[in-house]
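1 is the number of the first residue of the sequence shown in UniProt numbering; add one for each residue after it.
Idealized CB from N, CA, C, for every residue including glycine.
This structure is a prediction, so every number in the text was calculated from the model and none was measured.
One structure below.
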Amino acid sequence: MEYDFKNIEKKWQQKWVENKTYQVTENTDRKKFYVLNMFPYPSGAGLHVGHPLGYIASDIYARYKRLKGFNVLNPMGYDAYGLPAEQYAIQTGQHPAVTTAQNIQRYRQQLDRIGFCFDWDREVQTCAPSYYKWTQWAFLKMFNSYYDNRQAKAMPISMLIDHLAKEGTRGLDAACSEELNLTAEAWNTMNEKEQQQVLMNYRIAYLGETMVNWCPALGTVLANDEVVNGVSERGGHPVVQKRMRQWCLRVSAYAQRLLDGLDQVEWTDSLKETQRNWIGRSEGAEIAFCVKDSNVQLTVFTTRADTMFGVTFMVLAPESEYVSLVTTPQQQSEVKAYVEETKKRTELERISDRRVTGAFTGAYALNPLTGDEIPIYVSDYVLAGYGTGAIMAVPAHDSRDYAFARHFQLPVIPLIKGCDVSTESFDAKEGIVCNSPQQDSISENEGLNLNGLTVKEAIAKTKAYVSANGLGRVKVNYRLRDAIFSRQRYWGEPFPVYYKDDMPYILPEECLPLELPEIDKYEPTETGEPPLGRATKWAWDTEHNKITDKSDINGTTIFPLDLHTMPGFAGSSAYYLRYMDPHNPEVLVAKEKDEYWKDVDLYVGGTEHATGHLIYSRFWNKFLHDYGYSCVEEPFRKLVNQGMIQGRSNFVYRVNNSNKEYPVFVSFGLKSQYTDVTPLHVDVNIVDNDVLDCEAFKAWRPEYRNAEFILEDGKYICGWAVEKMSKSMFNVVNPDKIVENYGADTLRLYEMFLGPVEQSKPWDTNGIDGCHRFLKKFWALFYGPARGENSNEGAMTIDDTEPSAESLKSVHKLIKKVSQDIEHFSYNTAISAFMICVNELGQQKCHSRALLTPLVVLIAPFAPHIAEELWAALGQKGSVCDAVWPVWDEQYLTESTMQLTVSFNGKARFQMQFAADADNQTIETEVLKDERTAKYLDGKNVVKVIIVPKRIVNIVLK
């Protein structure tokens, strides 16, 4: 009976749906295991073979844990909002909801064909109002919360209001945008708008003036990873820096908890380090520098307060508010021109670019320790978002400060012994503070003598001095920024916010979701408003709590709604919680379901989400945990980053100057015979084992329809290279084609067989045949050649005979290997072990039901379709998914014999079998009396016999 993978896979995919095989419910009698994939954005191009890599890896693990007796939650959904669908809508006029639904349908068909054990009853789509209701709900909660630093958690804004009414800001320790000093009397005499402005300074979801990546052509703000070399990743449009009023989330308030939480999760050290660097904790001092002949004070943050004696200039970020306050009239034009030029560069470009640029403001600051006048410059190597947007520059001990000082011919004062500024040696973390002219005078007059101290001692002493003398304060700073939460797009979650007297107010919770309105075009309005500005029915009636026409706005009971939408990460920040209870209209997740599933035991996704998504989702979960909406603080216990599958590109070689009207292509092995050839990418889907389908090539593009081919051995052989899988390189492989030609089980096996899950590896269709042949061999163990005169050709060839010792050893060795390899995600070596075992069982002519039955269970996580078919053919009831994972028995792995290589003077000659417990004397006696030994002795004397246990016997002759 042949292995008919097409019918087998179609049959079982249908049965899984009919029998709800993968539907899961809470069951307190079974231990839970929650497997989660970073859910996909459904693009119009559909899946290519690189996309399922992580899904297959997690699917294998989910199936394995189910076979181990766990109640496994393995859901899937779609991150369905985003710019690509909106851009397509702008180009075609088709509503993004239509194209998104089509793309989702395409993805679902592809995912189903690969045979994943997803519980589709729990599917979520971020563009569904029933889903984004809870994103809007979380936003309302954040708007109505502030972060109490003493309690280290979010608290209701009503408690802050009570504190302000009774105490003002006295005794208040809350995360804020700007430190305020208010009395209770001042608060109580404020009008409503003034109080709302104060509260905005503390809200976790707040409106703030921030620098953003603004793309005029797309009419929206872009995240840093959406900008490449100063242009938008999508469309290549120019991007500039622009200050805008944006919704922000006070992620920075959770910085220390985000750091501490990394000690609670099973992530790789490299991933944890990436997060720690992104959060960027640093301990230092905030110090005030007075500006000469001005009331302005520049506040700087430094981790090296001891280097204040080496400050020779100050630098402001171009976007800093300090710039306009300190720039003198004579320098206005130069500084303004420099600031405008800087707006064309993103922060990432400014960080990575080592070119020195800047402008002198004309102003001077006073060193609070020495009284020296220090020139103030503006330069783009200083960023407004970190610290205060102003730095004290110590060129002797910072490479960028040193480069700036050399460029503008500013002084350099070394403070550490052994620091040779002429060689740009900036290691100031260790060493002894040396004498300096600046220190001599101040150390005598004010008691700050750092001479002879270690750097660590000098830092501590200077911070204490600064704090005690009112020059500043000790502070912990974080690089982590608050998240910009606004986008000037249509296709996203609307903000449940209306505006009264230019201040935001939130909709009642019972009115959610606020659904996207219909608009005529998906572009910004002619007056520059976001696309939602085109909606005619987009105002909020506070009296009747409903949406109404904008023409009804009266400023008393009817107000304009917010015109922005939320960014992509809004919908993906808490989707793992919604999967626990996806159809509940009352709460995000019922408490009993949250307490059962708790957290994600295994999270699989790409390294590109190592910072943004993981930071934001961890923050989001911690906020919900503060209010008891999530029972655990860290959402993802174990995380595995799958590698990338790279494309294997193919090339054809066009002969230039062929003097023919049609193109001529020469085969790879013959191209050296031509002096001028051009390699061209060719669609890998018309290449098989590097052999080009010439007719398909002619049909591929009209300009090639009359092409001529110079063949080798009757074939056109293509060249190849490993590159990023990309449509522009024609190396995108559609999984549908692989499934059609080889089957989903072969695709699953092959993607895992390519190499370790975490590593990137090239896709090479040439090797897929091996995995397909293996499945045929596996099938042949059950449906091999008919045995005996009365054998049924289509029947199974297994029997109930006792398995041999060799077969028992082969299978139990496999059980142990596969069990251990799955736990460590070493799927490629597990598959190799399968191949070895199947070959051994075939050679042993094993047909034992007792051994082949557990073999079906073992392969079920990797190749579920063939496993289901064989499980049913074996007469087993139910799905193989509900079988019990086999357990290996060490007694079958114990070697009863050992094979030793016999060598003479170091040259291996033959091998001999011995009992596993044979001693050296027995081995030596048996070897010397073996008839083959006599041939190599040939009258020579045996000097000694060396026995390496379980490996080799070496006879030394003379």
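Three-state secondary structure (DSSP) of residue i
| i | result |
| --- | --- |
| Cys215 | strand |
| Gly719 | strand |
| Met566 | coil |
| Gln125 | strand |
| Val733 | coil |
| Lys817 | helix |
| Gly555 | coil |
| residue 990 | Nothing about residue 990 can be read from this structure; the chain reaches only from 1 to 958. |
| Lys344 | coil |
| Glu634 | coil |
| Met644 | coil |
| Leu808 | helix |
| Asn295 | coil |
| Ile798 | coil |
| Leu540 | Sequence check: residue 540 is Trp here, not Leu. Strand, per DSSP. |
| Cys117 | coil |
| Arg773 | helix |
| Pro75 | coil |
| Arg618 | helix |
| Trp247 | strand |
| Tyr478 | strand |
Outcome for residue i when other beta-carbon atoms lying within 10 angstroms are tallied against a minimum of 16
| i | result |
| --- | --- |
| Arg351 | The amino acid occupying residue 351 in the given sequence is Ile; Arg does not appear at that position. It counts as exposed. |
| Arg701 | exposed |
| Asp676 | exposed |
| Gln330 | exposed |
| Leu514 | buried |
| Gly605 | buried |
| Asn828 | buried |
| Met142 | buried |
| Tyr490 | buried |
| His407 | exposed |
| Glu2 | exposed |
| Thr28 | exposed |
| Asn71 | buried |
| Asp889 | exposed |
Span separating the alpha-carbon of residue i from that of residue j
| i | j | result |
| --- | --- | --- |
| Gly371 | Ala365 | 9 Å |
| Phe782 | Glu493 | 54 Å |
| Ile558 | Tyr147 | 32 Å |
| Met244 | Phe665 | 56 Å |
| Asp4 | Gly878 | 21 Å |
| Lys115 | His48 | It should be pointed out that residue 115 corresponds to Gly in this sequence rather than to Lys. If you take the alpha carbons of Gly115 and His48, they lie about 16 Å apart. |
| Tyr742 | Leu749 | 11 Å |
| Asp938 | Leu928 | 13 Å |
| Val106 | Phe404 | Note that residue 106 corresponds to Arg in the displayed sequence, not to Val. Distance between the alpha carbons of Arg106 and Phe404 is about 55 Å. |
| Leu410 | Thr307 | 16 Å |
| Lys521 | Gly208 | 28 Å |
| Tyr132 | Leu140 | 12 Å |
| residue 959 | Ile645 | The question about residue 959 has no answer, for the chain in this structure spans 1 to 958. |
| Val24 | Asn191 | 54 Å |
| Lys242 | Pro84 | 23 Å |
| Leu73 | Tyr596 | 11 Å |
| Val953 | Leu855 | 37 Å |
Contact set for residue i: own chain, Cβ-Cβ below 6 Å, skip 5 residues either direction
| i | result |
| --- | --- |
| Glu226 | Glu233 |
| Gln256 | none |
| Ala535 | Pro517, Ile519 |
| residue 959 | A question about residue 959 goes unanswered here, because the residues of the chain that appear run from 1 up to 958. |
| Ala908 | Thr901 |
| Gln706 | First, the residue type needs correcting, since residue 706 is Asn and not Gln in the sequence shown. Counting only Cβ-Cβ distances below 6 Å, and skipping sequence neighbours, we find Tyr662. |
Any non-hydrogen atom of the ligand MN within 7 Å of residue i CB
| i | result |
| --- | --- |
| Asp764 | As far as ligands go, the structure on display features none, and thus does not contain the ligand MN. |
Residue-level contact to chain D via CB, residue i, 8 Å cutoff
| i | result |
| --- | --- |
| Phe834 | The chain inventory of the structure shown lacks chain D, comprising one protein chain alone. |
query = Counting Cβ pairs, one atom from each stretch, are 3 or more of them under 8 Å apart for the stretch 882-891 and the stretch 902-921?
reply = no
query = Hey, is the stretch 579-592 in contact with the stretch 8-16, meaning 3+ C-beta pairs nearer than 8 Å?
reply = no
inquiry  = When you compare the stretch 298-308 with the stretch 272-287, are there three or more beta-carbon pairs, one atom per stretch, that lie closer than 8 Å?
reply    = yes
inquiry  = Using a Cβ distance threshold of 8 Å, determine whether the stretch 374-394 contacts the stretch 305-314, with at least three qualifying pairs required.
reply    = yes
Three or more C-beta pairs below 8 Å linking the stretch 806-815 and the stretch 861-880 = no
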